[in-house]
Structure formats: C-alpha cells, structure tokens
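All remarks here apply to the structure that follows.
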Amino acid sequence: MGGEIIRNVLRLIFLILIQGLIVNSLDLWQGYILPSVYIFGLLMLPITTPRIMYMVIGFVAGACVDMFTNTLGIHASACVFMGFIQPLFLRFLAPREGYEVGQRPTLQDLGIGWYITYAGILALIHHTWLFFIELMRFTPFFYTFGKILLSTLATLVLMVLGQYLIYSPTDRRKK
Amino acid sequence: MRSLWQLIYRYHIFLVFLILEVLAIALLVRNNNYQRATFVHSANKITGNLYEKRTEIAEYLKLQSINAELAKENARLRTVSKPNYLQLTDNLYMYEDTLYLLRYEYISGRVINNSVNRPNNFITIDKGSTNGLKKEMGVVSKGSIVGIVKDVSDNFASVMPMINTNMSVGVRLKRSGETGEVTWDGRDPSKVMVNYISRSANPLKGDTIITSGFSTYFPEGILVGTIEDFRIPEGENFYTIDLLLSTPFHQLSYIEVIHNLLSDEQLELEQRQEGQDGG
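Note that the protein sequences, when read in sequence, are chains A and B.
Sequence positions in the first sequence follow this note's numbering and run -12 to 162.
Sequence positions in the second sequence follow this note's numbering and run 268 to 546.
Structure representation (structure tokens):
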C-alpha cells in the first residue's frame, strides 16, 4: 500500500513537470490545441481511493500546474471538479460484478473501450471547465468549444499511447 | 444538533467539493486583480530555476539562430557607433549636458519562459529586483513592444505581454497621430485590436501603429504593429482596427526592459492634479 502511494505521488510529480516544462510550450497549431497530460496521474489513482482524496489531490496537482502558468486557481478548480465526478463515474462504469481487488483503472486491466469512455469523458469535463473558467465568459463559444474537443482528443491520444509504451502486457501477468 | 451533524456527514463530500472550488475560484479572482500571491508565482524560486535550466538546454539548441540574430544586431549597432562618424566641429563638448537629460535606460534580459497559447499569457525573464527592475516597467524587443513588468522577485520578473486579455496600451497612428488603445481578444497571438481611433482619422492598410508615449511605461514611437484591416462598427464613432503585431511572440529570446528615470516625477505630478480635481 505504501509503495502504491509513493508510486502515485512520483507519477504525478513527473507528469506535472512534463506538463509545465514541455507540454505547455508545445504550441500545437498556434496554441489552439493544449493537452493536459498531467490528468493522467489523477486518472491513474487507485479505484479504492476515498472520494475526498480525489478532490484534495486534484487541487494540489492543479495548483502545481498553475504555478507554472501563472494562472493560480484555474487548473486547481478544474481538477477539483473532475475529482468530484471521477468516483461517481467509476461507479457508473463498474462491471456487473464490481471491480476486482487490485484492479487498476488502466487500459490493460479493463480494456480499451472502457478506458476511452472513462478517460475521454473525464478529460472532456476537465477541459470544458478549464477553458471556460479561464475565459470567465462564454463568448467565443464555438472557438472555445473546438479548442476543448481537440485538446481532449490530444490528451486522450497521448494517454493511450503512453500506456502502450509504459505498461507492457506482461506487466499484468506478473501482478 | 445531532441531525445537523448527520446532515453534514451525509453531504460532506459535496461540502469538501464546494470548499475546494470556492478556494480555487477565490485564488483565481485575486489572481485576476493582479494582487497575485507572490509565493506561488512563476517568478518564485522553484519554477524560476526550473525554467532557467530548461532555457539553458533549449538555448543551446537555438544557438545558431540566436547568433545570426545577434550578429545582425551587432552590424546595425556598429554602423551607428561613434568611430563611424566624422566630427565636424571640435570646439563644443559638454561634460554635464544641460540640454539633454537621460530619460530612458534599457536593461537587457533573457526570456526563460513564454506562453502564447492562453488567454492570459505571461513571460518570465531572468532579471529581477537585483538588476534594478521594478513593477510597471515597459518591455521591448528589438524596438518593438513586448509588455509590462507585472511582478519581480530577486532574480526573476514576470511580464504581461501584449497577448494578455488584461493588457491595454495607449497607441497612435504614426502617419496622422490619432491616439487609441490596444487590447487583445485572446485568440490569435499575432494579432491585436486597436479601439478608440477617432472617426476623423484616415487609416490605410499597412499603416504603422506606435506607442503614444503618454504613459510612463514606454517612450513615444515604440513599434506596435501594422494595420491589417479596419472598419467602423455600426453606430459607433471610433474605428476598430485589426493590427498585425510586429513582435514575434512565438520566438522571443532576448528583451530589453525600459527604466523610465522620470516616471516617479510624472506620476506624482499627475496624481497631485487628480487630487486637486477631486477636492
């Protein structure tokens, strides 16, 4: 259990650094697409995490990303909102017999269809909250909406590819 | 009382959610008022140093183009340097010039972090209060406008660039002199908008827009951009002008901070005037 916590914390720190130092300056399509890869660390939290912890961890992680972008509060609020929805959504997506003990919310453990629904919708919620809070208004609606969709897609692609690269199928059998 | 505790327990998750959201939004709103908590600022030590390390690596890879840029700048400066001029008269030489007073000083700096993809972008530079930087100083790059220093720490400063939706700068048409105001709508980092240029002006596509020099941030005549398109919206008395920024915010590497030596004097006078009007 202790190892699990350390692994999750290290993963989050690593992803926040990647987000702050590399992804934020990628400048895809003149900055129109802006993936948030660090939410992978939040989506990877164990299924048994207490509900409050999703929000607290989200707040801290979001605030760390905010420190890089000088936008204190924006990412934090988006992550808290996602952390609020996340456990509800996990329950909604649970297989009929419930999750097995030790099952992780990953592509390898629960299949690609499950993962894309899980990560895709939560990433969409996160980006929607993020970009509209950032603007503080709804005015360039379709412009922002396109930005949300494309950024979510980019985030999802990166997360799926990342999992194929990092976690090999043999990993699962060892477990 | 017991039922109250039961109620709180029942909705404690939602309550935590509300508290954290209110906290985040409160931070955000404070942030928008520019009273940013300095301890979580990109000018702070941790992220500042991390950004500097990254810039060192990135700059190593960019050395060639930076060299070319500097060489060009050198050549330009060399042509205006003193040995290139003939001295026509040698009977007038002043040690303490009473005719001219130095008003603007330039402090050069390096961009160590730069964003262009958000509605409220910021630039972090590697000069801070130890180098004489203060809040509210203008920043330019090769003679064209970059932004205004918003916050300084010992060794870093963060600059609010033109491409920040909270930014506005007084400008004028170079050709005919009408003044207006530049703002950014948060979309394209190469374009801004000029408002309040009076109807009587006669702008043309390609006209140059420069700083007005009214504020204490910038001297007059700093290049802002060129007119791409203009129109008068229905029922208004002012032009709305689309402006192509002359500063390439995507590829900023070196900047100069303008120290206005007389800014305190100007501000004090203006404030005194306002005080009298108010009273």
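Quick reminder that beta carbons are idealized off the backbone N, C-alpha and C, glycines included.
Small disclaimer: the values here were computed from a predicted structure and weren't measured.
- prompt: Does the beta carbon of Arg303/B sit closer than 9 Å to a beta carbon anywhere in chain A?
  reply: Confidence is the limiting factor: at Arg303/B the pLDDT is only 49, short of 50, which leaves the residue's position unreliable, though a coordinate-based value still follows. It does: the Cβ of Arg303/B has a partner Cβ on chain A nearer than 9 Å.
- request: Output the boundary residues of the alpha helix (DSSP H) element that contains Arg377/B.
  value: Looking at the DSSP string, Arg377/B is not in any alpha helix (DSSP H); the run it does join, the beta strand (DSSP E), is 371 to 381.
query: Using a beta-carbon distance below 9 Å, is Tyr130/A in contact with chain B?
result: At a cut-off of 9 Å between beta carbons, Tyr130/A contacts chain B.
message: Please state whether the Cβ-Cβ distance between Pro74/A and Tyr41/A is less than 9 Å.
response: Contact flag set, yes.
message: With the cut-off set at 9 Å, would you say Val449/B and Met429/B are in Cβ contact?
response: In this structure, Met429/B lies closer than 9 Å to Val449/B by Cβ.
query: Is the region 139 to 149 of chain A in contact with the region 20 to 31 of chain A, if contact means three or more CB pairs nearer than 8 Å?
result: Yes, the region 139 to 149 of chain A is in contact with the region 20 to 31 of chain A.
field: As assigned by DSSP and simplified to three states, the class of Glu(-9)/A
entry: Three-state DSSP puts Glu(-9)/A in a helix.
field: Nonlocal neighbours in the same chain, by C-beta distance under 7 Å from Ala106/A, ignoring five residues either side
entry: Leu30, Leu143, Met146, listed in sequence order.
message: By the DSSP assignment, the alpha helix (DSSP H) with Lys134/A in it spans what residues?
response: Residues 128 to 153.
task: Would you mind listing the beta strand (DSSP E) stretches within the region 444 to 490 of chain B that are 3+ residues and don't spill past its ends, in chain order?
output: Every beta strand (DSSP E) stretch that sits fully inside the region 444 to 490 of chain B and reaches 3 residues is listed by chain position as 446 to 450, 458 to 465, 475 to 478.
field: According to DSSP, residues forming a beta bridge with Asn431/B
entry: Answer by DSSP bridge pairing, in chain order: Asn387/B.
field: C-alpha gap between Ser513/B and Thr475/B, whole angstroms
entry: Rounded to whole angstroms, Ser513/B to Thr475/B spans 10 Å at the Cα level.
query: Can you name, in chain order, every residue of its own chain whose Cβ lies under 6 Å from the Cβ of Ile499/B, other than the five neighbours on each side?
result: Apart from sequence neighbours up to five positions away, the residues of its chain that approach Ile499/B with a beta-carbon distance below 6 Å are Tyr506, ordered along the chain.
- prompt: Cβ of Leu32/A less than 9 Å from any chain B Cβ?
  reply: Chain B, which has no Cβ nearer than 9 Å to the Cβ of Leu32/A, makes this no.
- request: Decide if Asn269/B is buried, meaning its Cβ has at least 16 other Cβ atoms within 10 Å, or exposed.
  value: Note that residue 269/B is Arg in the sequence shown, not Asn. Around the CB of Arg269/B, fewer than 16 other CB atoms lie within 10 Å, so the residue is classed as exposed.
query: Would you say Gly18/A faces chain B, with C-beta separation under 9 Å as the test?
result: With 9 Å as the cut-off, Gly18/A counts as an interface residue toward chain B.
- prompt: In terms of alpha-carbon separation, which member of Tyr484/B, Ser457/B, Leu440/B lies closest to Ile477/B?
  reply: Nearest option by C-alpha distance: Leu440/B.
message: Can you give me the C-alpha to C-alpha distance between Leu287/B and Gly405/B, rounded to a whole angstrom?
response: Annotation: Leu287/B to Gly405/B spans about 37 Å, alpha carbon to alpha carbon.
query: What is the residue span of the alpha helix (DSSP H) that Thr36/A lies within?
result: Thr36/A: not part of any alpha helix (DSSP H); DSSP gives it neither H nor E.
query: What is the DSSP secondary structure of Lys162/A, counted as helix, strand or coil?
result: Note that Lys162/A scores 42 on pLDDT, short of 50, meaning its location in the model is unreliable and no value can be drawn from it.
task: Return yes when the Cβ of Pro386/B is within less than 9 Å of the Cβ of Leu122/A, no when it is not.
output: Going by C-beta atoms, Leu122/A is nearer than 9 Å to Pro386/B.
- prompt: Taking 9 Å as the CB-CB limit, is Asn11/A close to chain B?
  reply: Chain B, which has a Cβ nearer than 9 Å to the Cβ of Asn11/A, makes this yes.
query: What residue from Leu330/B, Leu337/B, Ala342/B, Lys312/B has the CA that sits closest to Ser375/B's CA?
result: Out of Leu330/B, Leu337/B, Ala342/B, Lys312/B, Leu337/B has the C-alpha closest to the C-alpha of Ser375/B.
- prompt: How about Asn462/B and Gly480/B: do their beta carbons lie closer than 9 Å?
  reply: Against a cut-off of 9 Å, the Cβ pair of Gly480/B and Asn462/B comes out as no contact.
- prompt: In chain A, what lies closer than 8 Å to Gly453/B by C-beta?
  reply: Listed along chain A are Leu122, Pro127, each with a C-beta nearer than 8 Å to that of Gly453/B.
- prompt: Counting Cβ pairs, one atom from each stretch, are 3 or more of them under 8 Å apart for the region 84 to 101 of chain A and the region 117 to 134 of chain A?
  reply: Taking 8 Å as the limit for Cβ pairs, the verdict is that the region 117 to 134 of chain A does not touch the region 84 to 101 of chain A.
- request: Using 10 angstroms around the beta-carbon of Asn469/B, count the other beta-carbons present and answer buried if the total reaches 16, otherwise exposed.
  value: Residue environment analysis places Asn469/B among the exposed positions, since fewer than 16 neighbouring C-beta atoms fall within 10 angstroms of its C-beta.
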